[in-house]
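Please read the structure below before turning to the comments.
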Amino acid sequence: MIEPMISREKATHRYAALSMLTLIYALNFLDRQLLSILAEPIRRDLGLTDTQLGLLSGIVFAAFYTLFGVPVGWIADRANRVRIISFACAIWSLFTALCGLATNFWQLALARMGVGFGEAGGAPPSYSLISDYFAPTERATALAVYSMAVPFGAMIGAALGGFIAAEYGWRMAFFCLGAPGIIMAVLLAIFVKEPRRGRLDKLQISAPTQDALPTFGEAVADFFANPMLARIAVAGGLSAFIGYGAMSWNPPFLMRVKGMTLTEIAFYYSIVVGITGMIGTFVSGRLADMLMSKDRRWAAWLPAIALFISIPFWVGVLWAPTWPIALAFLVVPSVANLFYLAPALALVQNSVAPNRRTISGAIILLIINLIGLGAGPLYIGWISDWAASRYDVNSLSVGLAALIPVIVVAIGAQLFAARAIGKPPQALQFNKF
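Just so we're aligned: the sequence shown equals residues 0 to 432 in numbering that gives the first Met the number 0.
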(Lines of atoms letter the chains of each structure in order from A and count residues from 1; the text may use other names and numbers.)
(Lines give C-alpha, C1' and ligand atoms only; values in the text may rest on other atoms or scores of the structure.)
Protein backbone atom coordinates (compact mmCIF):
# COMPACT_ATOMS: atom_id res chain seq x y z
CA MET A 1 0.00 0.00 0.00
CA ILE A 2 1.34 3.41 -0.98
CA GLU A 3 1.54 5.91 1.82
CA PRO A 4 0.20 9.43 1.40
CA MET A 5 2.82 12.06 0.75
CA ILE A 6 2.97 13.34 4.30
CA SER A 7 1.97 10.24 6.29
CA ARG A 8 4.40 9.30 9.05
CA GLU A 9 6.57 12.25 8.05
CA LYS A 10 5.70 15.85 8.73
CA ALA A 11 6.16 18.19 5.81
CA THR A 12 8.68 20.12 7.86
CA HIS A 13 10.93 17.06 8.13
CA ARG A 14 11.10 16.38 4.41
CA TYR A 15 11.91 20.01 3.68
CA ALA A 16 14.50 20.01 6.46
CA ALA A 17 16.01 16.84 5.00
CA LEU A 18 16.09 18.40 1.52
CA SER A 19 17.72 21.53 2.93
CA MET A 20 20.42 19.56 4.74
CA LEU A 21 21.12 17.35 1.72
CA THR A 22 21.32 20.45 -0.47
CA LEU A 23 23.74 22.15 1.92
CA ILE A 24 25.97 19.06 1.97
CA TYR A 25 25.87 18.92 -1.84
CA ALA A 26 26.89 22.59 -1.88
CA LEU A 27 29.92 21.67 0.23
CA ASN A 28 30.51 18.76 -2.15
CA PHE A 29 30.65 21.09 -5.12
CA LEU A 30 32.51 23.81 -3.23
CA ASP A 31 35.30 21.35 -2.42
CA ARG A 32 35.24 19.99 -5.98
CA GLN A 33 35.47 23.38 -7.69
CA LEU A 34 37.79 25.16 -5.26
CA LEU A 35 40.75 24.16 -7.40
CA SER A 36 39.46 26.13 -10.40
CA ILE A 37 39.10 29.29 -8.29
CA LEU A 38 42.64 28.92 -6.98
CA ALA A 39 44.10 27.72 -10.29
CA GLU A 40 46.22 30.80 -11.01
CA PRO A 41 48.03 31.05 -7.64
CA ILE A 42 48.47 27.25 -7.58
CA ARG A 43 49.85 27.28 -11.13
CA ARG A 44 52.39 29.95 -10.24
CA ASP A 45 53.36 28.40 -6.91
CA LEU A 46 53.74 24.79 -8.10
CA GLY A 47 54.83 25.57 -11.67
CA LEU A 48 51.96 23.71 -13.37
CA THR A 49 50.88 23.80 -17.02
CA ASP A 50 47.29 24.30 -18.20
CA THR A 51 47.18 20.63 -19.19
CA GLN A 52 48.14 19.62 -15.64
CA LEU A 53 45.49 21.95 -14.23
CA GLY A 54 42.98 20.40 -16.62
CA LEU A 55 43.96 16.94 -15.39
CA LEU A 56 43.58 17.96 -11.73
CA SER A 57 40.21 19.63 -12.36
CA GLY A 58 39.00 16.82 -14.61
CA ILE A 59 40.10 13.24 -15.08
CA VAL A 60 42.21 12.89 -11.89
CA PHE A 61 39.12 13.72 -9.85
CA ALA A 62 36.52 12.25 -12.19
CA ALA A 63 38.23 8.85 -12.51
CA PHE A 64 37.87 8.11 -8.81
CA TYR A 65 34.50 9.83 -8.55
CA THR A 66 33.03 7.68 -11.30
CA LEU A 67 34.98 4.51 -10.48
CA PHE A 68 33.48 4.30 -7.00
CA GLY A 69 30.16 6.03 -7.73
CA VAL A 70 28.36 3.04 -9.29
CA PRO A 71 29.46 0.43 -6.68
CA VAL A 72 28.53 2.85 -3.89
CA GLY A 73 25.15 3.36 -5.57
CA TRP A 74 24.59 -0.40 -5.69
CA ILE A 75 25.46 -0.67 -1.98
CA ALA A 76 23.21 2.28 -1.14
CA ASP A 77 20.24 0.48 -2.72
CA ARG A 78 20.74 -2.12 0.03
CA ALA A 79 22.06 -0.12 2.98
CA ASN A 80 21.30 3.00 5.00
CA ARG A 81 21.68 5.91 2.60
CA VAL A 82 21.94 8.59 5.28
CA ARG A 83 24.95 6.92 6.89
CA ILE A 84 26.65 6.48 3.52
CA ILE A 85 26.25 10.18 2.69
CA SER A 86 27.48 11.18 6.16
CA PHE A 87 30.61 9.02 5.91
CA ALA A 88 31.30 10.21 2.35
CA CYS A 89 30.99 13.87 3.38
CA ALA A 90 33.58 13.41 6.12
CA ILE A 91 36.00 11.71 3.70
CA TRP A 92 35.87 14.31 0.92
CA SER A 93 36.12 17.17 3.42
CA LEU A 94 39.26 15.66 4.97
CA PHE A 95 40.95 15.25 1.58
CA THR A 96 39.97 18.79 0.58
CA ALA A 97 41.91 20.07 3.58
CA LEU A 98 44.85 17.82 2.63
CA CYS A 99 45.04 19.57 -0.77
CA GLY A 100 46.49 22.51 1.13
CA LEU A 101 49.56 20.45 2.07
CA ALA A 102 50.55 19.60 -1.53
CA THR A 103 53.95 20.79 -2.76
CA ASN A 104 53.88 19.31 -6.27
CA PHE A 105 51.55 18.00 -8.97
CA TRP A 106 51.51 14.39 -7.75
CA GLN A 107 50.73 15.22 -4.13
CA LEU A 108 47.86 17.45 -5.24
CA ALA A 109 46.68 14.71 -7.61
CA LEU A 110 46.57 12.15 -4.77
CA ALA A 111 44.55 14.53 -2.61
CA ARG A 112 42.15 15.17 -5.50
CA MET A 113 41.72 11.42 -5.93
CA GLY A 114 40.69 11.25 -2.28
CA VAL A 115 38.16 14.04 -2.81
CA GLY A 116 36.74 12.11 -5.77
CA PHE A 117 36.53 8.89 -3.75
CA GLY A 118 34.58 10.62 -0.97
CA GLU A 119 32.25 12.56 -3.25
CA ALA A 120 31.26 9.33 -5.03
CA GLY A 121 29.02 8.59 -2.04
CA GLY A 122 27.25 11.95 -2.01
CA ALA A 123 24.83 12.61 -4.86
CA PRO A 124 23.48 9.16 -5.92
CA PRO A 125 22.15 8.18 -2.46
CA SER A 126 20.76 11.71 -2.11
CA TYR A 127 18.77 11.38 -5.36
CA SER A 128 17.21 8.20 -4.00
CA LEU A 129 16.43 9.77 -0.61
CA ILE A 130 14.78 12.79 -2.23
CA SER A 131 12.67 10.49 -4.42
CA ASP A 132 11.37 8.83 -1.24
CA TYR A 133 10.58 12.19 0.37
CA PHE A 134 8.79 13.72 -2.65
CA ALA A 135 6.08 12.32 -4.93
CA PRO A 136 6.74 11.85 -8.69
CA THR A 137 4.91 15.07 -9.60
CA GLU A 138 7.22 17.05 -7.29
CA ARG A 139 10.51 15.31 -7.96
CA ALA A 140 11.85 17.49 -10.76
CA THR A 141 11.36 20.56 -8.57
CA ALA A 142 12.84 18.87 -5.49
CA LEU A 143 15.80 17.61 -7.51
CA ALA A 144 16.17 21.09 -9.01
CA VAL A 145 16.34 22.59 -5.51
CA TYR A 146 18.96 19.98 -4.62
CA SER A 147 20.88 20.67 -7.83
CA MET A 148 20.90 24.40 -7.05
CA ALA A 149 23.70 23.41 -4.70
CA VAL A 150 25.96 23.16 -7.77
CA PRO A 151 25.97 26.92 -8.58
CA PHE A 152 25.51 27.83 -4.91
CA GLY A 153 28.56 25.79 -3.92
CA ALA A 154 30.52 27.28 -6.80
CA MET A 155 29.49 30.78 -5.70
CA ILE A 156 30.46 30.25 -2.06
CA GLY A 157 33.67 28.55 -3.11
CA ALA A 158 34.60 31.45 -5.38
CA ALA A 159 33.71 34.04 -2.76
CA LEU A 160 35.27 32.47 0.33
CA GLY A 161 38.09 30.73 -1.51
CA GLY A 162 39.03 33.90 -3.35
CA PHE A 163 38.95 36.11 -0.26
CA ILE A 164 40.86 33.65 1.94
CA ALA A 165 43.46 33.01 -0.76
CA ALA A 166 43.93 36.74 -1.38
CA GLU A 167 44.53 37.38 2.31
CA TYR A 168 46.20 34.20 3.57
CA GLY A 169 47.20 32.15 0.53
CA TRP A 170 45.64 29.28 -1.41
CA ARG A 171 46.67 26.63 1.13
CA MET A 172 44.67 28.26 3.91
CA ALA A 173 41.61 28.33 1.62
CA PHE A 174 41.72 24.52 1.36
CA PHE A 175 42.17 24.15 5.13
CA CYS A 176 39.29 26.47 6.02
CA LEU A 177 36.78 25.21 3.45
CA GLY A 178 37.42 21.52 4.11
CA ALA A 179 36.47 21.74 7.80
CA PRO A 180 32.68 22.53 7.62
CA GLY A 181 31.90 19.26 5.84
CA ILE A 182 33.01 17.19 8.83
CA ILE A 183 30.53 19.07 11.03
CA MET A 184 27.72 18.63 8.50
CA ALA A 185 28.45 14.91 8.27
CA VAL A 186 27.72 14.53 11.99
CA LEU A 187 24.56 16.68 11.84
CA LEU A 188 23.16 14.70 8.91
CA ALA A 189 23.62 11.38 10.72
CA ILE A 190 21.82 12.75 13.78
CA PHE A 191 18.86 14.60 12.28
CA VAL A 192 17.87 12.99 8.94
CA LYS A 193 15.80 9.80 8.94
CA GLU A 194 16.03 6.95 6.44
CA PRO A 195 12.57 6.71 4.71
CA ARG A 196 11.06 3.51 3.36
CA ARG A 197 11.96 3.02 -0.29
CA GLY A 198 9.23 3.58 -2.87
CA ARG A 199 6.62 4.71 -0.36
CA LEU A 200 5.38 7.60 -2.51
CA ASP A 201 5.22 5.85 -5.86
CA LYS A 202 1.72 5.26 -7.16
CA LEU A 203 2.93 2.92 -9.89
CA GLN A 204 2.45 -0.73 -9.21
CA ILE A 205 5.60 -2.65 -8.28
CA SER A 206 5.54 -6.31 -9.20
CA ALA A 207 6.21 -8.85 -6.48
CA PRO A 208 9.48 -10.11 -7.97
CA THR A 209 10.87 -6.59 -8.01
CA GLN A 210 9.92 -6.01 -4.40
CA ASP A 211 11.34 -9.27 -3.15
CA ALA A 212 14.50 -9.64 -5.23
CA LEU A 213 17.19 -7.03 -5.56
CA PRO A 214 19.08 -6.99 -8.88
CA THR A 215 22.72 -7.96 -8.95
CA PHE A 216 25.24 -5.25 -9.74
CA GLY A 217 25.71 -6.54 -13.28
CA GLU A 218 21.97 -6.81 -13.92
CA ALA A 219 21.32 -3.25 -12.77
CA VAL A 220 24.08 -1.82 -14.97
CA ALA A 221 23.13 -3.95 -17.99
CA ASP A 222 19.45 -3.04 -17.70
CA PHE A 223 20.27 0.68 -17.57
CA PHE A 224 22.29 0.59 -20.79
CA ALA A 225 19.76 -1.72 -22.47
CA ASN A 226 17.15 1.04 -22.14
CA PRO A 227 17.70 3.46 -25.08
CA MET A 228 15.93 6.29 -23.27
CA LEU A 229 18.18 6.10 -20.20
CA ALA A 230 21.38 5.58 -22.19
CA ARG A 231 20.70 8.47 -24.57
CA ILE A 232 19.66 10.98 -21.90
CA ALA A 233 22.81 10.08 -19.93
CA VAL A 234 25.11 10.67 -22.92
CA ALA A 235 23.29 13.90 -23.80
CA GLY A 236 23.68 15.02 -20.20
CA GLY A 237 27.38 14.18 -20.36
CA LEU A 238 27.91 16.34 -23.44
CA SER A 239 25.96 19.17 -21.81
CA ALA A 240 28.11 18.78 -18.69
CA PHE A 241 31.24 18.89 -20.89
CA ILE A 242 30.33 22.49 -21.64
CA GLY A 243 29.35 23.41 -18.10
CA TYR A 244 32.30 21.80 -16.31
CA GLY A 245 34.76 23.01 -18.91
CA ALA A 246 33.54 26.58 -18.60
CA MET A 247 33.30 26.47 -14.82
CA SER A 248 36.86 25.18 -14.50
CA TRP A 249 38.40 27.73 -16.87
CA ASN A 250 36.25 30.86 -16.57
CA PRO A 251 38.13 32.18 -13.50
CA PRO A 252 41.63 31.72 -15.03
CA PHE A 253 40.33 33.18 -18.32
CA LEU A 254 38.90 36.27 -16.63
CA MET A 255 42.09 36.78 -14.62
CA ARG A 256 44.63 35.99 -17.33
CA VAL A 257 42.89 37.47 -20.39
CA LYS A 258 40.41 40.06 -19.07
CA GLY A 259 42.50 41.35 -16.15
CA MET A 260 40.33 40.48 -13.13
CA THR A 261 42.00 40.14 -9.75
CA LEU A 262 41.41 37.26 -7.34
CA THR A 263 39.42 39.58 -5.07
CA GLU A 264 37.23 40.67 -8.01
CA ILE A 265 36.69 37.01 -8.90
CA ALA A 266 35.67 36.35 -5.31
CA PHE A 267 33.06 39.09 -5.35
CA TYR A 268 31.74 39.78 -8.85
CA TYR A 269 32.25 36.46 -10.62
CA SER A 270 30.93 34.41 -7.70
CA ILE A 271 27.72 36.43 -7.51
CA VAL A 272 27.03 36.38 -11.26
CA VAL A 273 27.70 32.67 -11.75
CA GLY A 274 26.08 31.59 -8.48
CA ILE A 275 22.79 33.45 -8.90
CA THR A 276 22.38 32.73 -12.61
CA GLY A 277 23.22 29.06 -12.09
CA MET A 278 20.64 28.72 -9.33
CA ILE A 279 18.04 30.42 -11.51
CA GLY A 280 18.77 28.06 -14.39
CA THR A 281 18.63 24.97 -12.20
CA PHE A 282 15.39 25.89 -10.42
CA VAL A 283 13.58 27.19 -13.50
CA SER A 284 14.48 24.09 -15.50
CA GLY A 285 13.11 21.89 -12.71
CA ARG A 286 9.84 23.80 -12.46
CA LEU A 287 9.41 23.79 -16.23
CA ALA A 288 10.18 20.07 -16.30
CA ASP A 289 7.48 19.31 -13.72
CA MET A 290 4.94 21.30 -15.73
CA LEU A 291 5.88 20.15 -19.23
CA MET A 292 7.01 16.55 -18.71
CA SER A 293 3.59 15.58 -17.33
CA LYS A 294 2.25 16.28 -20.83
CA ASP A 295 5.24 15.21 -22.92
CA ARG A 296 8.33 13.62 -21.41
CA ARG A 297 10.45 14.71 -24.37
CA TRP A 298 10.73 18.11 -22.72
CA ALA A 299 13.44 16.51 -20.55
CA ALA A 300 15.65 16.75 -23.64
CA TRP A 301 14.03 19.66 -25.46
CA LEU A 302 14.53 22.11 -22.58
CA PRO A 303 18.34 21.82 -22.46
CA ALA A 304 18.57 21.76 -26.26
CA ILE A 305 16.72 25.09 -26.52
CA ALA A 306 18.77 26.62 -23.70
CA LEU A 307 22.08 25.58 -25.28
CA PHE A 308 21.05 26.97 -28.66
CA ILE A 309 20.19 30.35 -27.13
CA SER A 310 23.55 30.45 -25.32
CA ILE A 311 25.78 30.27 -28.44
CA PRO A 312 25.90 34.00 -29.38
CA PHE A 313 26.44 34.92 -25.74
CA TRP A 314 29.49 32.63 -25.57
CA VAL A 315 30.88 34.53 -28.54
CA GLY A 316 30.23 37.74 -26.61
CA VAL A 317 32.14 36.48 -23.57
CA LEU A 318 35.21 35.80 -25.70
CA TRP A 319 34.92 39.05 -27.69
CA ALA A 320 34.30 41.39 -24.73
CA PRO A 321 37.04 44.04 -24.38
CA THR A 322 36.68 44.28 -20.58
CA TRP A 323 35.77 41.87 -17.80
CA PRO A 324 32.51 43.66 -16.80
CA ILE A 325 31.21 43.20 -20.35
CA ALA A 326 32.40 39.58 -20.35
CA LEU A 327 30.52 38.94 -17.09
CA ALA A 328 27.37 40.49 -18.56
CA PHE A 329 27.53 38.14 -21.55
CA LEU A 330 28.23 35.21 -19.21
CA VAL A 331 24.78 35.51 -17.59
CA VAL A 332 22.86 33.61 -20.28
CA PRO A 333 25.35 30.72 -20.68
CA SER A 334 25.47 30.34 -16.89
CA VAL A 335 21.69 29.93 -16.84
CA ALA A 336 21.68 27.59 -19.84
CA ASN A 337 24.54 25.33 -18.78
CA LEU A 338 22.55 23.69 -15.97
CA PHE A 339 19.23 23.31 -17.80
CA TYR A 340 19.96 19.64 -18.49
CA LEU A 341 20.45 18.43 -14.93
CA ALA A 342 17.09 18.45 -13.11
CA PRO A 343 15.02 17.17 -16.08
CA ALA A 344 17.47 14.32 -16.72
CA LEU A 345 17.60 13.29 -13.06
CA ALA A 346 13.81 13.41 -12.73
CA LEU A 347 13.35 11.33 -15.89
CA VAL A 348 15.70 8.63 -14.58
CA GLN A 349 14.31 8.59 -11.03
CA ASN A 350 10.72 8.36 -12.32
CA SER A 351 11.58 5.59 -14.80
CA VAL A 352 13.28 3.00 -12.60
CA ALA A 353 12.12 0.85 -9.70
CA PRO A 354 12.70 2.23 -6.18
CA ASN A 355 15.29 -0.46 -5.47
CA ARG A 356 17.33 0.68 -8.49
CA ARG A 357 17.18 4.42 -8.02
CA THR A 358 20.51 4.90 -6.31
CA ILE A 359 22.53 2.83 -8.75
CA SER A 360 20.65 4.39 -11.69
CA GLY A 361 21.48 7.83 -10.32
CA ALA A 362 25.09 6.71 -9.93
CA ILE A 363 25.24 5.43 -13.51
CA ILE A 364 23.94 8.65 -15.04
CA LEU A 365 26.39 10.59 -12.87
CA LEU A 366 29.17 8.26 -14.03
CA ILE A 367 28.44 9.08 -17.66
CA ILE A 368 27.89 12.79 -17.00
CA ASN A 369 31.13 13.08 -15.07
CA LEU A 370 33.29 10.89 -17.31
CA ILE A 371 32.28 12.89 -20.37
CA GLY A 372 31.76 16.28 -18.74
CA LEU A 373 34.08 16.56 -15.77
CA GLY A 374 36.65 14.07 -17.00
CA ALA A 375 37.09 15.47 -20.50
CA GLY A 376 35.77 19.06 -20.45
CA PRO A 377 38.46 20.80 -18.35
CA LEU A 378 41.24 18.70 -19.90
CA TYR A 379 40.03 19.50 -23.44
CA ILE A 380 40.19 23.25 -22.84
CA GLY A 381 43.53 23.07 -21.00
CA TRP A 382 45.12 20.96 -23.73
CA ILE A 383 43.95 23.30 -26.50
CA SER A 384 45.17 26.29 -24.48
CA ASP A 385 48.66 24.75 -24.18
CA TRP A 386 48.62 23.85 -27.88
CA ALA A 387 47.74 27.43 -28.83
CA ALA A 388 50.15 29.07 -26.36
CA SER A 389 53.07 29.36 -28.80
CA ARG A 390 50.96 31.35 -31.25
CA TYR A 391 48.51 33.28 -29.06
CA ASP A 392 50.45 33.56 -25.77
CA VAL A 393 48.11 34.80 -23.01
CA ASN A 394 45.09 34.63 -25.35
CA SER A 395 45.53 30.88 -25.82
CA LEU A 396 42.89 30.29 -23.15
CA SER A 397 40.42 32.22 -25.32
CA VAL A 398 41.10 29.66 -28.06
CA GLY A 399 40.46 26.84 -25.59
CA LEU A 400 37.11 28.27 -24.52
CA ALA A 401 36.14 29.03 -28.12
CA ALA A 402 36.56 25.33 -28.83
CA LEU A 403 33.48 24.73 -26.66
CA ILE A 404 31.17 26.17 -29.32
CA PRO A 405 31.34 23.11 -31.65
CA VAL A 406 30.71 20.93 -28.58
CA ILE A 407 27.54 22.92 -27.87
CA VAL A 408 26.26 22.04 -31.35
CA VAL A 409 27.01 18.35 -30.74
CA ALA A 410 25.28 18.48 -27.34
CA ILE A 411 22.15 19.99 -28.91
CA GLY A 412 22.08 17.14 -31.43
CA ALA A 413 22.51 14.58 -28.64
CA GLN A 414 19.57 16.04 -26.69
CA LEU A 415 17.34 15.92 -29.77
CA PHE A 416 18.46 12.33 -30.42
CA ALA A 417 17.57 11.45 -26.81
CA ALA A 418 14.12 13.00 -27.23
CA ARG A 419 13.36 10.48 -29.99
CA ALA A 420 13.90 7.61 -27.54
CA ILE A 421 11.86 9.16 -24.73
CA GLY A 422 8.52 9.20 -26.50
CA LYS A 423 5.52 11.42 -25.87
CA PRO A 424 3.27 9.66 -23.29
CA PRO A 425 4.22 9.59 -19.58
CA GLN A 426 4.08 5.77 -19.81
CA ALA A 427 3.32 4.51 -16.31
CA LEU A 428 6.07 1.96 -15.89
CA GLN A 429 5.31 -1.24 -13.99
CA PHE A 430 8.88 -1.52 -12.69
CA ASN A 431 9.02 -5.20 -13.78
CA LYS A 432 12.55 -4.77 -15.11
CA PHE A 433 13.71 -1.25 -14.49
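Don't be surprised by glycine CBs; every beta carbon is placed ideally from N, CA and C.
- Pro124 is positioned such that its CB atom lies closer than 7 Å to that of Ile83.
- Residue state for Phe133 is assigned as coil, using DSSP reduced to three classes.
- For Asp294, the three-state secondary structure derived from DSSP is coil.
- A direct Cα-Cα distance of roughly 14 Å separates Gly273 from Ala245.
- DSSP, read as helix, strand or coil, puts Phe338 in coil.
- Contact annotation: the segment 252-269 does not touch the segment 133-152, with fewer than three C-beta pairs closer than 8 Å.
- Taking the C-beta atoms as reference points, Ala110 is found no nearer than 7 Å to Phe86.
- Restricting attention to alpha helix (DSSP H) runs no shorter than 4 residues, the segment 149-201 encloses them at 169-190, ordered along the chain.
- Nearest to Ala148 by C-alpha distance, out of Leu20, Pro323, Ala265, Met112, is Leu20.
- In the DSSP assignment, Ile83 falls within the alpha helix (DSSP H) that extends over 80-98.
- Per DSSP, Ile231 is one residue of the alpha helix (DSSP H) stretching across 226-255.
- In this structure, Phe174 keeps its C-beta atom at 7 Å or more from the C-beta atom of Ala265.
- The DSSP-derived three-state label of Pro404 is helix.
- Under the 10 Å beta carbon count, Arg389 is surrounded by fewer than 16 other beta carbons and is classified as exposed.
- About 6 Å separates the CB atoms of Arg230 and Phe415; that is less than 8 Å, so the two are in contact.
- Taking the CA atoms as reference points, Phe281 sits about 10 Å from Thr275.
- The criterion of a C-beta distance shorter than 7 Å is not satisfied by Ala417 and Pro342.
- Here Arg80 is not near Leu17, since their CB atoms are 7 Å or more apart.
- Ranked by how close their Cα comes to the Cα of Gln32, the residues Leu45, Ser92, Tyr14, Thr48 have Ser92 in first place.
- Val219 sits in a helix when the DSSP states are folded into three classes.
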